[in-house]
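One structure below.
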Amino acid sequence: MIRTATLALLLSASALAAETASGAFANNPVELLGFGVICEVELQGQREAPETLSGILNIVDQDREIDVATPRVPADLGLSFGVRAGLLPGTAVPGMVDIVVTHPPMGDSGITVERWQAVMNSGETTINLFTFEHAFEMVEGPWLFQIVKDGEVLLQQPFEVTPSGSVPPVQKACFGARLMS
């Protein structure tokens, strides 16, 4: 029993060290429920998002699962990537949170930070994604997703966007049928 508890403690410490080294974290009351790539999303609507390059935010199913858990994202048209988050039981975040996505310079303006507001309700998940809809959006390099409330970063998840076709698990899950034909 002590060996099991010690092993669990060591594994938890190792996971925490790896998480800290990668720059990923979630602070109370937010918990990270998943991160990575979604092969294809179905739009449920759109709303204005003036602090984004497109000025539009696509609304997707907030219960959508992540298809491939990975911090590495190939620059392939149509892929979405980001975070699923929720609130710890019995907690609340009043009002809106800011979703902040930082990335290498994009578009004619060279924008590097995009943000929009979201609601986080107790017992519900929120999914916040970036979808490669245009070739100019597929900028390789470090990307960072954050959930921020009143200037405090509650969740942070880094990603690395890599060349097209460079992440085999994503290629298999998202493009497997096309690769075989």
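Residues -17 to -1, 1 to 164 (mature numbering (1 follows the signal peptide of the UniProt record, and there is no 0)) are what the sequence shown spells out, left to right. Glycine included, each C-beta is placed from N, C-alpha and C at the ideal position.
Point to revise | Residue closest to G19, alpha-carbon to alpha-carbon, out of A52, H117, D133, D44 | key: A52
**Study point:** Residue nearest to V96 in terms of C-alpha spacing, selected from G106, V84, M103
**Key:** V84
Review point. Which residues mark the beginning and the end of the beta strand (DSSP E) in which S63 is found?
Key: 63 to 70
Exercise for review: For S147, collect the residues of the same chain with a Cβ closer than 6 Å to its Cβ; drop the 5 residues on either side in sequence, then sort them by chain order.
Suggested key: P57, A58, D59
Check your understanding: Three-state secondary structure (DSSP) at V102?
Key -> strand
Point to revise | Beta-carbon spacing of I82, N104 below 7 Å | key: no
Exercise for review: Would you kindly report the start and end of the unbroken alpha helix (DSSP H) that includes S5?
Suggested key: -16 to 5
Review point. Are the beta-carbon atoms of L71 and E107 separated by less than 7 Å?
Key: no
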